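Enquirer:
Numbering (our numbering), first residue to last: 93 to 203.
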């Protein structure tokens, strides 16, 4: 069995480092091995059961700080979203109109 521990600190927007919450995250790993049968006709030894525990405490810490996003960044993101939707709808409309006119031309040639 192996246990890996990493420290984590969350610093909220209000309160700063004084209101920080310290946590520990861990990852646990366990392996199971199937051994050969302990009794052989030629060998009379018996392998006993064994168990091994190990752990690793990481010297590094993950620090998550809550930050405030400026209003101008939010406005820029909304404008980018609106502009992207407008561009994609324009491309889709142009593709549909060109496809429809191509189909009408083919139908007109065969009629």
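The beta-carbon is built from N, C-alpha and C at its ideal position, and this holds for glycine as well.
Computed from a predicted model, the values in this text were never measured in an experiment.
State the CB to CB distance for the pair residue 102 and residue 156, rounded to an integer number of angstroms; the pair is presumed to be in contact (CB under 8 angstroms).
Expert: Against the chain shown, residue 102 aligns to sequence position 10. Against the chain shown, residue 156 aligns to sequence position 64. Correct: roughly 5 angstroms between the Cβ atoms.
Enquirer: Along the chain, where does the beta strand (DSSP E) that runs through residue 96 open and close?
Expert: For the purposes of this step, residue 96 is taken as the residue at position 4 of the chain shown. Run containing residue 96: 94 to 103, per the beta strand (DSSP E) assignment.
Enquirer: Which residue or residues does DSSP assign as beta-bridge partners of residue 119?
Expert: Here the question's residue 119 lines up with position 27 in the chain shown. DSSP, once it has assigned bridges, lists 96 as partnering residue 119.
Enquirer: On the three-state DSSP scale, how would you describe residue 149?
Expert: Numbered from its first residue, the chain shown carries residue 149 at position 57. Correct three-state label for residue 149: strand.
Enquirer: Could you check what DSSP says for residue 157 in three-state terms: helix, strand or coil?
Expert: What you label residue 157 is simply residue 65 of the chain shown in a count that begins at 1. It is a strand residue.
Enquirer: In whole angstroms, what is the alpha-carbon distance linking residue 98 and residue 183?
Expert: Here the question's residue 98 lines up with position 6 in the chain shown. Here the question's residue 183 lines up with position 91 in the chain shown. Whole-angstrom Cα-Cα distance: 49 angstroms.
Enquirer: Can you tell me which of 143, 167 and 154 puts its alpha carbon nearest to the alpha carbon of residue 112?
Expert: Working through the chain shown from its first residue, we reach residue 112 at position 20. For the residues 143, 167 and 154, the minimum Cα distance to residue 112 belongs to 154.
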